[in-house]
Amino acid sequence: MRTGRFLCGLLSLFFGVAALAAETADLRLLPAPDRFFEAAAESAPNTAPPEGEVLAFGLFNDPRLSVTGIDRIAVMTRDGTQIPLAVEKDSVFYEFDRIVSLRFYFLVDADLADDAEAGLALSWGEDVAASNSEVEKVILDPEARSRIRAFQWGNADLAGPADTQIADIQVIADSSAGYYFLWYLLPMAIIFALLTIRKLAVRRASE
Amino acid sequence: MRRILTVSVVLSAMFLGASVAQAHLCNDVFAQAQDNLAVKVDIRDGQLRIGKSASFRVYLLNTMDRDIVDIRLEVLSDQFKTTVTPAPDWQRYPYLKAKRSGGRKEYFTVRLDRNPGVPDGKYDISLRLYNGQNRRQSFKSVALDSAAGVCGLRKATAIAVDGNADANEWRSAFLCSDFYEYRKTGPYYENRPAGQQTRVRVTADADYLYCLFTMQGGQEAQSDSAAIYVAPTSDAEPVKVVVDRLSGEVECDKGREGIEVKSDANRGTLECKIPRKLLGIEKASTFYGNFTRTLTANGREVISFWRGNTYSELDPIVYGVFAVGE
């Protein structure tokens, strides 16, 4: 009885920890695309990075994202420092009452932004606690374009189209590959054999 | 003398202008190809079993706003001798005409012959589409998932189409997300993340296809509809089912019999149940599918796509390939 309770407790603990486990993804900063500045043609810009800092902006909608609040997402540096996010209020999108997509920006030191080895990473899950804030619609300032970046997550190949392949396909070299189709003949062969035996047996019995 | 000088200057300017325009055009092609050159490799699950030799096809559909002058395919492998042959009816090969200007799906046949002495085992081969006029320029990098992958659908169990999208019912259904808009930015069209995101959960049983649309925003929408496109093969004409989120009304070119839809306009969800027979996939274990959303607000219509774009919405070669589980 006691052992059963202990096992139940252990399993609960295991699954509880698994449910809380944070997901992570590497972050890269890319030059800001033209579309980031389209809104500034219609309304006055309201967002620009301070001198010496770079602003990284984008939509985050990884299929694995499913959190209960905006404080469950964090950007971390390699040394474990957490960078606060400014989340665009109207961009937060829910499925089954959990956040699955949102747009935000964060500020990083200019040196860090240009460092390919900076080790920026996104972390999200119910055991992440972050001090993020909500902001109204972000209208980026085109005047600060050189200090604005788009963030991209995951392990996408960023080397560009010049040296990438369209797909890697796995080929299984198998000397028996040409004979596999014969297995399809087996049931027919068995049925044919059984019918033949039955016919011979009937003929012999009638003789 | 002055006339000759003037003519020379004008000719030089024209030549220079043409060169710049050509270079610009070329860059536009490569930028667009990343998003809108559709590639499908007809290998199930990204694996090919080969004895001595085998072949497969790589389909291409140019859904960009301009033609590609010279496109070639090369296959990189140390273990296999590879032969790439363009389709016999690809009349202007290596020219790949855009769909919008009358182009169609073309293909390469890739033949692999095992080199002598290569033992049984698993080997990777790489495919590369490049510019025949400059071999260093590749057209596209595509994840195998979208080029040759299959979206596995778990068999639907106990899904109630009642307007109450329950997480327990739908969470294990296949997720289609990351919708994008196809819009002109500067000199060419690009795919950009949709301003209002859409997620579609898909599952099926022996008789029905089930879809759950969760649609962001649209509170001030004059109209907001989701479209489902289904075709049994990549060559077939798709069946289109359009569902209005606000009214719950359904339109289908094959009739509406058996279709059930419940919408929850406040939460932005739509549950649909569509007979597979109506979609022409009654017995099919795999089919081609796509989803779009058309949102009209403040007098502006925005279409977002899961796959493809305006030029290819009726061409299943750009759709996802779904495999129905047991």
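Taken in order, these protein sequences are the chains called A and B. Numbering-wise, the first sequence is residues 4 to 210 according to the working numbering. Numbering-wise, the second sequence is residues 179 to 504 according to the working numbering. Cβ coordinates follow ideal geometry from the N, Cα and C atoms, glycine included. All figures in this text were calculated on a predicted structure; none of them were measured in a lab.
Determine the direct distance from the alpha carbon of residue j to that of residue i, and round the result to whole angstroms.
i, j, result
"B:Gly-299", "A:Asp-177", "7 Å"
"B:Gly-426", "B:Val-328", "30 Å"
"B:Pro-264", "B:Gly-281", "15 Å"
"B:Tyr-161", "B:Tyr-367", "Nothing can be reported for residue 161 of chain B, as the shown portion of chain B is limited to 179 through 504."
"A:Ala-165", "B:Asp-213", "Because A:Ala-165 sits at a pLDDT of 37, beneath the cut-off of 50, its placement in the model cannot be relied upon, and the following sentence gives the value as read from the coordinates. Computed Cα separation, rounded: 15 Å."
"B:Leu-457", "B:Ala-501", "15 Å"
"A:Asp-93", "B:Gly-330", "33 Å"
"A:Pro-66", "A:Leu-189", "44 Å"
"B:Lys-451", "B:Lys-440", "9 Å"
"B:Ala-404", "B:Gln-374", "13 Å"
"A:Asp-29", "A:Asn-49", "28 Å"
"A:Ala-121", "A:Leu-110", "14 Å"
"B:Gly-503", "A:Ile-175", "24 Å"
"B:Lys-461", "A:Asn-64", "35 Å"
"A:Ala-25", "A:Glu-129", "7 Å"
"B:Met-242", "B:Arg-278", "8 Å"
"A:Glu-54", "A:Gln-85", "20 Å"
"B:Ala-399", "B:Ala-475", "4 Å"
"B:Ser-482", "B:Val-408", "17 Å"
"B:Ser-231", "A:Trp-186", "20 Å"
"A:Leu-32", "A:Leu-123", "9 Å"
"A:Ala-159", "A:Ile-194", "The predicted model places A:Ala-159 with a pLDDT of 44, which falls under 50 and marks its position as unreliable; any figure quoted below should be read in that light. Cα to Cα, A:Ala-159 sits roughly 53 Å from A:Ile-194."
"B:Lys-432", "B:Lys-418", "8 Å"
"B:Ser-571", "B:Asp-442", "Because chain B here runs from 179 to 504, residue 571 of chain B falls outside it and cannot be looked at."
"A:Val-78", "B:Ser-412", "42 Å"
"B:Glu-479", "B:Tyr-466", "26 Å"
"A:Arg-106", "A:Ala-180", "50 Å"
"B:Arg-513", "B:Thr-464", "Nothing about residue 513 of chain B can be read from this structure; chain B reaches only from 179 to 504."
"A:Ile-102", "A:Thr-71", "6 Å"
"A:Trp-156", "A:Ala-51", "22 Å"
"B:Phe-352", "A:Gly-83", "35 Å"
"B:Gly-396", "A:Ile-73", "22 Å"
"A:Thr-199", "B:Arg-227", "36 Å"
State the CB to CB distance for the pair residue i and residue j, rounded to an integer number of angstroms; the pair is presumed to be in contact (CB under 8 Å).
i, j, result
"A:Asp-144", "B:Gly-364", "Actually they are not in contact, since the Cβ atoms of A:Asp-144 and B:Gly-364 sit about 19 Å apart, beyond 8 Å."
"A:Tyr-97", "A:Val-141", "20 Å between Cβ atoms; not a contact."
"B:Asp-245", "B:Ala-216", "Actually they are not in contact, since the Cβ atoms of B:Asp-245 and B:Ala-216 sit about 15 Å apart, beyond 8 Å."
"A:Ser-104", "A:Leu-68", "7 Å"
"B:Leu-492", "B:Pro-410", "Actually they do not touch by this definition, with Cβ atoms about 15 Å apart."
"B:Val-247", "B:Phe-286", "No, B:Val-247 and B:Phe-286 are not in contact; Cβ-Cβ is about 17 Å, not under 8 Å."
"B:Ile-495", "B:Lys-283", "5 Å"
"B:Phe-357", "B:Ala-343", "Contact flag wrong, Cβ pair sits at about 18 Å."
"B:Phe-391", "B:Leu-473", "So it is not a contact: roughly 12 Å between Cβ atoms."
"B:Asp-220", "B:Arg-235", "5 Å"
Let me check one thing: in DSSP terms, what residues is residue i bridge-paired to?
i, result
"A:Leu-189", "Per DSSP, none; premise fails for A:Leu-189."
"B:Ile-495", "B:Ile-495 is not bridged to any residue."
"A:Glu-98", "A:Arg-101"
"A:Asp-112", "A:Glu-56"
"A:Phe-3", "The displayed coordinates of chain A run from 4 to 210. Any statement about residue 3 of chain A would go beyond what the structure contains."
"B:Ser-482", "B:Glu-359, B:Arg-471"
"B:Gln-397", "DSSP lists no partner for B:Gln-397."
"A:Pro-48", "BP columns for A:Pro-48 are empty, so no partner."
"B:Tyr-489", "Beta-bridge pairing links B:Tyr-489 to no other residue."
"A:Ser-136", "A:Ala-89"
"B:Arg-379", "B:Leu-353, B:Leu-390"
"A:Gly-83", "Its beta-bridge partners do not exist; DSSP assigns none."
"B:Val-502", "B:Leu-331"
"A:Gly-61", "A:Phe-107"
"B:Ile-406", "B:Val-419, B:Phe-469"
"A:Ser-126", "A:Thr-27, A:Ala-77"
"A:Leu-143", "A:Thr-50"
"A:Val-70", "A:Ile-102"
May I ask whether a heavy atom of the ligand HEM can be found less than 8 Å away from the beta carbon of residue i?
i, result
"B:Asp-248", "The ligand content of the structure shown is nil, which means the ligand HEM is not present either."
Under 7 Å, CB to CB, which of the residues in the segment 92-103 of chain A have a partner in chain C? Structure shown: chain C not included; protein chains present are A and B.
When the Cβ atoms of the segment 283-292 of chain B are set against those of the segment 332-352 of chain B, are three or more pairs found closer than 8 Å? No: the two stretches stay apart, fewer than three of their Cβ pairs being nearer than 8 Å.
Between the segment 111-129 of chain A and the segment 45-61 of chain A, do three or more beta carbon pairs fall short of 8 Å? The segment 111-129 of chain A, when compared against the segment 45-61 of chain A, does touch it at the 8 Å Cβ threshold.
If we require 4 or more residues per run, which alpha helix (DSSP H) segments fall completely within the segment 425-475 of chain B? List check, alpha helix (DSSP H) in window: 454-457.
Tell me the start and end of each unbroken alpha helix (DSSP H) in the segment 290-369 of chain B that is at least 4 residues and wholly inside, in chain order. When DSSP assignments are scanned along the segment 290-369 of chain B, the uninterrupted stretches of alpha helix (DSSP H) that are 4 or more residues long and fall wholly within it turn out to be 322-325, 345-348.
So, do the segment 128-139 of chain A and the segment 39-46 of chain A have three or more beta carbon pairs nearer to each other than 8 Å? No, they do not touch.
Between the segment 415-423 of chain B and the segment 355-364 of chain B, can you find at least three pairs of beta-carbon atoms closer than 8 Å? Using a Cβ-Cβ distance cut-off of 8 Å, the segment 355-364 of chain B and the segment 415-423 of chain B are not in contact, since fewer than three pairs of beta carbons, one from each stretch, lie closer than that value.
Length-filtered (3 minimum) beta strand (DSSP E) runs lying within the segment 209-285 of chain B: Within the segment 209-285 of chain B, the complete beta strand (DSSP E) runs of at least 3 residues fall at 215-219, 225-228, 231-240, 249-254, 258-264.
So, do the segment 145-156 of chain A and the segment 256-275 of chain B have three or more beta carbon pairs nearer to each other than 8 Å? Between the segment 145-156 of chain A and the segment 256-275 of chain B there are fewer than three C-beta pairs closer than 8 Å, too few to call the two in contact.
Below 8 Å, can you find three or more Cβ-Cβ pairs linking the segment 342-356 of chain B to the segment 295-313 of chain B? As far as the Cβ criterion goes, the segment 342-356 of chain B does not touch the segment 295-313 of chain B, which means the pair count is below three.
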